[in-house]
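**Q**
Residue numbers (this note's numbering): 402 to 496.
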């Protein structure tokens with residue numbers, strides 16, 4: 402699989418882009434994200450969630466925190482009008 406991270410310096414949002422195997426593969430995945438973006442902090446993630454929700458985004462999954470031994474990952478997802486699922490997340494390492 403061909404993967405690339407698209408990250409803009411000083412913007413605080415990164416996208417993971419995954420190359421499709423063929424033209425027929427360019428359609429919404431079922432049961433997973435179609436693309437995933439991350440921000441630096443949970444506060445930034447919460448602000449992004451509230452901005453998207455306030456502006457009418459179709460929320461697929463509310464923000465949820467998953468604890469790991471290294472820290473906590475928090476994410477949520479929205480669906481665009483074409484049916485693509487976009488995940489957004491952020492990590493917080495334990496001190």
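Glycine included, each C-beta is placed from N, C-alpha and C at the ideal position.
Am I right that residue 486 and residue 438 are in contact with their C-beta atoms under 8 Å? What's the rounded C-beta distance?
**A** That belief does not hold up - the Cβ atoms of residue 486 and residue 438 are roughly 12 Å apart, past 8 Å.
**Q** Check the DSSP bridge columns for residue 493 and list the partner residues they point to.
**A** Answer is 473.
**Q** Looking at residue 475: is its Cβ nearer than 8 Å to the Cβ of residue 443?
**A** Cβ distance < 8 Å, so residue 475 and residue 443 count as in contact.
**Q** Does residue 450 come out as helix, strand or coil in the three-state DSSP assignment?
**A** In this structure, residue 450 counts as helix in the three-state DSSP scheme.
**Q** Run the CB neighbour count on residue 446, radius 10 Å, all protein chains shown included, and call it buried at 16 or more, exposed below.
**A** Result: buried.
**Q** Can you round the beta-carbon distance between residue 458 and residue 479 to whole angstroms, since I take them to be within the 8 Å contact cut?
**A** Going by Cβ atoms, the distance from residue 458 to residue 479 rounds to 5 Å, so yes, they are a contact pair.
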